[in-house]
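Under the numbering used here, the letters of the sequence shown match residues 4 to 286, in that order.
Since the structure comes first, as structure tokens, the remarks are kept for the end.
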Amino acid sequence: MLTLKGKTALVTGGGGGIGRGIAEELGKFEAQVVVAELKPERADAIGGALQAARVDHLVLQADVRKEDQVNDVMRQIDQRYGKLDILVNNVGTASPPKLFEFTTNEDWEFDYQINLRHMFVVTRAAIPLIRKTGRGGSIINFSSIEAFRGIPLMTAYGAFKAAVIGFTQSLALELGHEGIRVNAVAPETTESEAIQPSKWIRPEDSGAIGSAIPLGRFGTPADAAGCVVFLGSDLSAWVTGTTIHLDGGALAAAGWHRMANGVWTNAPVISKGALHLGRGTKK
Ligand SMILES: NC(=O)c1ccc[n+]([C@@H]2O[C@H](COP(=O)([O-])OP(=O)(O)OC[C@H]3O[C@@H](n4cnc5c(N)ncnc54)[C@H](O)[C@@H]3O)[C@@H](O)[C@H]2O)c1
4 MLTLKGKTAL VTGGGGGIGR GIAEELGKFE AQVVVAELKP ERADAIGGAL QAARVDHLVL
64 QADVRKEDQV NDVMRQIDQR YGKLDILVNN VGTASPPKLF EFTTNEDWEF DYQINLRHMF
124 VVTRAAIPLI RKTGRGGSII NFSSIEAFRG IPLMTAYGAF KAAVIGFTQS LALELGHEGI
184 RVNAVAPETT ESEAIQPSKW IRPEDSGAIG SAIPLGRFGT PADAAGCVVF LGSDLSAWVT
244 GTTIHLDGGA LAAAGWHRMA NGVWTNAPVI SKGALHLGRG TKK
């Protein structure tokens with residue numbers, strides 16, 4: 004049986020969305036779960052859920068963009084558990100969508116702080132605690148599938164999510180000799196606090212999701228949590244510097260579209276079926 008018993012894990016933004024799913028799943032595998040969450044009500048909610056599930060936990064209200072608060076989080080983890088085995092840098096979001104031409108310096112600064120800079124701050128502060136395990140550890144950075152393709156109207160977000168991949172690869176080289184692994188997870192659209200695809204598409208139209216995502220559905224926090232459990236456990240003991248594309252196959256399908264008749268095409272699809280270039284492959 005896979006277990007994370009005895010391992011301490013910190014999940015940033017673990018009070019909502021993907022982060023909360025990760026915190027709860029790590030608890031199911033018996034990890035000691037630490038959450039650093041910005042919103043007090045979400046911190047309370049995940050604290051209550053972990054308590055009800057009898058998970059050994061420490062929930063801290065903190066803004067991981069702020070160095071003094073991050074240092075305090077590390078101090079409290081050190082006091083309580085004396086080390087850190089798994090760091091999940093989950094926090095991230097985008098400034099309001101707009102054409103790059105009209106983005107402001109403030110938009111760029113926001114995207115930088117919330118998607119990349121806090122990972123620097125948290126990770127730098129966490130490395131000494133991870134070293135204290137004496138057996139290495141695992142750092143897991145949340146990027147996005149948009150790091151591997153374009154995302155119109157969120158250009159700065161896409162750029163910083165691509166930078167997370169560069170950060171992951173270089174840090175993996177620096178820390179590998181200490182047994183500290185560094186990997187990234189790059190999700191496609193996933194149900195969370197910020198992103199709610201279940202509200203975008205009527206149940207009767209859900210079949211259309213498979214036109215771009217081969218596995219035919221959007222992601223869930225549990226999907227992300229599964230990747231984190233794998234990357235945080237010894238099952239991935241020889242995996243570092245890489246990224247899991249958590250996307251139902253969307254990236255593999257990039258440029259392809261599965262039509263209502265089940266044929267995949269890489270030709271432009273025009274409603275009413277005006278274009279039939281015969282480039283598709285039957286189901
Ligand atoms: N949901 C998606 O479709 C999707 C797609 C690609 C990538 N991602 C990435 O996955 C990660 C999680 O996304 P999500 O959709 O679950 O986000 P979310 O906004 O639903 O949840 C983020 C959580 O982090 C907390 N938080 C925000 N700022 C914080 C801060 N400064 N300090 C501490 N906590 C903070 C929020 O209160 C919230 O509980 C992000 O890095 C995001 O960019 C998500």
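Backbone N, C-alpha and C define an ideal beta-carbon position, used for all residues, glycine too.
Since the model is a prediction, treat every value here as computed from it, not as a measurement.
Give the DSSP bridge partners of residue i, in chain order.
i, result
"Asn74", "The partner list for Asn74 (beta bridge, DSSP) is empty, contrary to what the question assumes."
"Pro190", "Leu249"
"Val37", "Leu13 and Leu61"
"Leu174", "Leu174 pairs with nothing; no bridge assigned."
"Ile89", "Ala12 and Ser141"
"Gly222", "Thr193"
"His260", "Thr268"
"Ile183", "Gly140"
Would the C-beta of residue i count as close to ligand 1, meaning under 7 Å from any of its heavy atoms?
i, result
"Arg68", "yes"
"Leu41", "yes"
"Val14", "no"
"Gly22", "yes"
"Arg138", "no"
"Glu27", "no"
"Pro190", "yes"
"Arg45", "yes"
"Leu104", "First, the residue type needs correcting, since residue 104 is Glu and not Leu in the sequence shown. Outside the cutoff, so no."
"His121", "yes"
"Ala65", "yes"
On a CA-only basis, which of the options is nearest residue i? Give me that one, please.
i, options, result
"Gln35", "Ala240, Gly252 and Leu90", "Leu90"
"Val14", "Arg23, Thr6 and Lys8", "Arg23"
"Thr107", "His248, Thr158 and Thr126", "Thr158"
"Ala240", "Ala255, Ile247, Ile183 and Asp208", "Ile183"
"Val242", "Gly139, Ile133 and Met122", "Gly139"
"Gly95", "Asp66, Asp88 and Gly85", "Asp66"
"Thr246", "Ala255, Leu234, Ala256 and Leu238", "Leu234"
"Gln54", "Ala26, Gln72 and Val76", "Ala26"
"Ser201", "Leu218, Ala189, Leu102 and Gly222", "Gly222"
"Asn93", "Ile142, Asn269 and Asp208", "Ile142"
"Arg45", "Leu29, Arg57, His60 and Gln64", "Gln64"
"Pro99", "Lys86, Phe113 and Leu132", "Phe113"
"Ser147", "Lys8, Leu119, Gly219 and Gly51", "Leu119"
"Asp226", "Ile204, Trp203 and Thr193", "Thr193"
"Arg220", "Leu249, Val232, Gly229 and Leu238", "Leu249"
"Lys31", "Asp47, Ala52, Glu40 and Pro43", "Ala52"
Could you tell me how far apart the beta carbons of residue i and residue j are, in whole angstroms, since I believe they sit closer than 8 Å?
i, j, result
"Gly213", "Arg261", "6 Å"
"Gly252", "Ile216", "6 Å"
"Gly18", "Val37", "Wrong, their Cβ atoms sit about 12 Å apart, outside the cutoff."
"Tyr115", "Thr11", "That pair is no contact at about 29 Å."
Is the beta carbon of residue i within less than 7 Å of some heavy atom of ligand 2?
i, result
"Ala197", "Absent from the structure shown: ligand 2. Ligands present: ligand 1."
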